[in-house]
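The next block holds one structure in the form of structure tokens; read it before the comments.
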Ligand SMILES: Cc1cc2nc3c(=O)[nH]c(=O)nc-3n(C[C@H](O)[C@H](O)[C@H](O)COP(=O)(O)OP(=O)(O)OC[C@H]3O[C@@H](n4cnc5c(N)ncnc54)[C@H](O)[C@@H]3O)c2cc1C
Ligand code: FES
Ligand code: FES
């Protein structure tokens, strides 16, 4: 099969990959790059657990062709582990029991991170709900996630 | 499968004329799931994501509004150009998929997908928009209504790329509204969507009504309802009875596993009335 050579930045590091034409960004990240924080829930664009940042914007890696990653900057949770704001978010997720089975957690933390970084002050409940609306959680009922993110924002925005 | 990855529109058009079997991929949100399901099995893909610099723009000039085909739904949502009556574009965006989908999905992909679930087709029909297609041979402009042929069929030559949608800016009393039931990401693939554009100065001077299923399986204009609105001064529901009656006659909202036809028609009527009343400022 014809493979396509692409280069991109993954979590701040220049990388290269040989992808097949029908490969999804999700497969490239999990299988070739070992980024296991990226989860496949539905594979059809509906659940959001496969969310990663492409050029700083949250997108769904399960419906994005891997070859479209060429020349882009891709960020997964692995790349934010040392980030001070992300550390606060993760502490708050623990404190508020915002993760139960944990399957949606990487995506929730990424969209939450993005939302907090981009908002002027502490985002309102409604803004947080809108921000996380593209990620499904089957366990928590969302309230703990919203509270954890707002509480994290209070620390980060101080 | 081979993938062509041009970086400019010129390169893309030259590649396409030589590979007319190539399937175009923009944001991929519609196409990629279908490729994965083997519903489409292209030999060749033309990836136009490299053209987003050239083809994503929102411009107002000479009384026209032009939106580049690679403009994403998120860019529409955040645009400052789309103000006043053009805010209706943001109402559509706010109800479109999820934030992640909006970051990838393009307006060009929306109209080219040619389905009853594509929300911008309905809005753009109510604005009587046109589609600009480019090829190595030149450019042509087609009314959107003539571009949308049927479900998954558009009036595009295999060597053409859709580069823009354009429509007259809404001035002198023009206003437009949009409603749909449900958001796609809550698994309610729009059962019904409705867009109405009116020129209203005490009375309806011009009207355009579009819904996701009129006569065919793709969005279209409800011309009988439009006609019934003309000349009307709208103070309440009773002034809309005739138009609603006309609308009921021209809908082809059929039953499927998601909803019955009756339910869809009832929704369409409610939304139609709601939009018109909102547009003319009647509660
Ligand atoms: C979870 C989910 C939710 C969604 N919610 C909504 C919703 O609420 N409302 C809605 O309207 N849609 C929705 N969609 C459908 C989809 O996101 C839209 O149709 C989107 O606008 C398609 O744009 P794209 O750039 O991703 O198109 P692509 O998938 O890249 O392409 C779509 C089609 O258009 C053709 N094409 C694309 N660009 C061009 C061009 N410039 N010239 C010629 N041909 C072209 C392609 O060949 C393909 O056939 C949803 C999809 C998903 C997966
Ligand atoms: S796995 Fe991508 S949206 Fe569900
Ligand atoms: S914690 Fe289980 S899906 Fe969210």
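Protein chains in written order, with the working numbering: chain F, 1 to 158; chain S, 159 to 441. In this text, a Cβ means the ideal position worked out from N, Cα and C, and glycines have one as well.
Counted within 10 angstroms of its Cβ, other Cβ atoms place residue i as buried (16 or more) or exposed
i	result
residue 260(S)	buried
residue 68(F)	buried
residue 295(S)	exposed
residue 316(S)	exposed
residue 170(S)	buried
residue 104(F)	buried
residue 18(F)	exposed
residue 301(S)	exposed
residue 441(S)	exposed
residue 143(F)	exposed
residue 81(F)	exposed
residue 258(S)	buried
residue 51(F)	buried
residue 369(S)	buried
residue 188(S)	buried
residue 196(S)	exposed
residue 318(S)	buried
residue 345(S)	The predicted model places residue 345(S) with a pLDDT of 46, which falls under 50 and marks its position as unreliable, so this point remains unresolved.
residue 165(S)	exposed
residue 284(S)	buried
residue 379(S)	buried
residue 23(F)	buried
residue 343(S)	Any reading at residue 343(S) needs caution, since the residue's pLDDT is 45, under 50, leaving its predicted position unreliable; the model's value is listed next. Label assigned to residue 343(S): buried.
residue 95(F)	exposed
residue 330(S)	exposed
residue 268(S)	buried
residue 311(S)	exposed
residue 39(F)	buried
residue 439(S)	exposed
Residues that DSSP places opposite residue i in a beta bridge
i	result
residue 334(S)	355(S)
residue 218(S)	223(S)
residue 204(S)	162(S), 182(S)
residue 16(F)	7(F)
residue 301(S)	288(S)
residue 325(S)	223(S)
residue 364(S)	357(S)
residue 293(S)	296(S)
residue 24(F)	65(F)
residue 75(F)	53(F)
residue 264(S)	230(S)
residue 211(S)	DSSP, once it has assigned bridges, lists no residue as partnering residue 211(S).
residue 319(S)	292(S)
residue 409(S)	372(S)
residue 311(S)	308(S)
Contact list for residue i against chain B, beta-carbon separation under 8 Å
i	result
residue 21(F)	Judged by its chain identifiers, the structure shown contains no chain B, and its protein chains are F and S.
When the options are compared against residue i, the one with the closest alpha-carbon
i	options	result
residue 308(S)	371(S), 297(S), 206(S), 199(S)	371(S)
residue 226(F)	11(F), 47(F), 158(F), 151(F)	Missing from the structure shown is residue 226(F); chain F here goes from 1 to 158 and no further.
residue 87(F)	60(F), 153(F), 12(F)	153(F)
residue 385(S)	438(S), 232(S), 404(S), 392(S)	404(S)
residue 274(S)	210(S), 229(S), 351(S)	351(S)
residue 194(S)	38(F), 35(F), 44(F), 34(F)	44(F)
residue 357(S)	332(S), 369(S), 374(S)	332(S)
residue 254(S)	428(S), 233(S), 224(S), 392(S)	233(S)
residue 436(S)	336(S), 381(S), 419(S), 380(S)	336(S)
residue 389(S)	400(S), 379(S), 380(S)	400(S)
residue 100(F)	75(F), 140(F), 77(F)	140(F)
residue 374(S)	211(S), 363(S), 409(S), 395(S)	409(S)
residue 246(S)	219(S), 226(S), 328(S), 203(S)	328(S)
residue 207(S)	167(S), 268(S), 223(S), 349(S)	167(S)
residue 148(F)	124(F), 134(F), 27(F)	124(F)
residue 293(S)	306(S), 321(S), 286(S), 276(S)	321(S)
residue 72(F)	40(F), 78(F), 53(F)	53(F)
residue 281(S)	323(S), 290(S), 299(S), 298(S)	323(S)
residue 209(S)	161(S), 184(S), 271(S), 297(S)	184(S)
residue 271(S)	248(S), 227(S), 172(S), 250(S)	227(S)
Residues in the region 60 to 73 of chain F having any Cβ partner in chain S nearer than 9 Å: Per Cβ criterion, the list reads 60, 62, 63, 64, 65, 67, 68, 70, 71.
Pull out every residue of the region 41 to 58 of chain F whose Cβ sits closer than 7 Å to any Cβ of chain S, in chain order. 44, 45, 46, 48, 51, 57, 58
Quick one: which residues of the region 117 to 134 of chain F get their C-beta closer than 8 Å to a C-beta of chain S? List them in chain order. Of all residues in the region 117 to 134 of chain F, only 130, 131, 133, 134 come within less than 8 Å of chain S when Cβ atoms are compared, listed by chain position.
Counting only runs that start and end within the region 91 to 143 of chain F, where is the alpha helix (DSSP H) found for 4 or more residues in a row? Entirely contained in the region 91 to 143 of chain F, the alpha helix (DSSP H) runs reaching 4 residues are, in chain order, 105 to 118, 125 to 131.
For the region 163 to 185 of chain S, enumerate the residues whose C-beta is nearer than 8 Å to any C-beta of chain F, in chain order. 163, 183
Could you list the residues in the region 136 to 148 of chain F with a C-beta less than 9 Å from some C-beta on chain S, going in chain order? For the region 136 to 148 of chain F, which is checked against every Cβ of chain S, the residues closer than 9 Å are 136.
In the region 245 to 273 of chain S, which residues sit with their C-beta less than 7 Å from some C-beta in chain F, listed in chain order? 256, 257, 258, 259, 261, 262
Using a beta-carbon distance cut-off of less than 9 Å, what residues from the region 10 to 36 of chain F approach chain S? Of all residues in the region 10 to 36 of chain F, 20, 21, 22, 24 have a Cβ within less than 9 Å of some Cβ in chain S.
Length-filtered (4 minimum) alpha helix (DSSP H) runs lying within the region 220 to 260 of chain S: 231 to 236, 246 to 252
Output needed in chain order: residues of the region 98 to 113 of chain F with a Cβ under 7 Å from some Cβ in chain S. Going along the region 98 to 113 of chain F in chain order, one finds no residue with a Cβ nearer than 7 Å to chain S.
The region 80 to 100 of chain F: positions lying closer than 9 Å to chain S by Cβ: Listed in sequence order: no entries.
Would you list, in chain order, the members of the region 282 to 311 of chain S that have their beta-carbon closer than 8 Å to a beta-carbon of chain F? none
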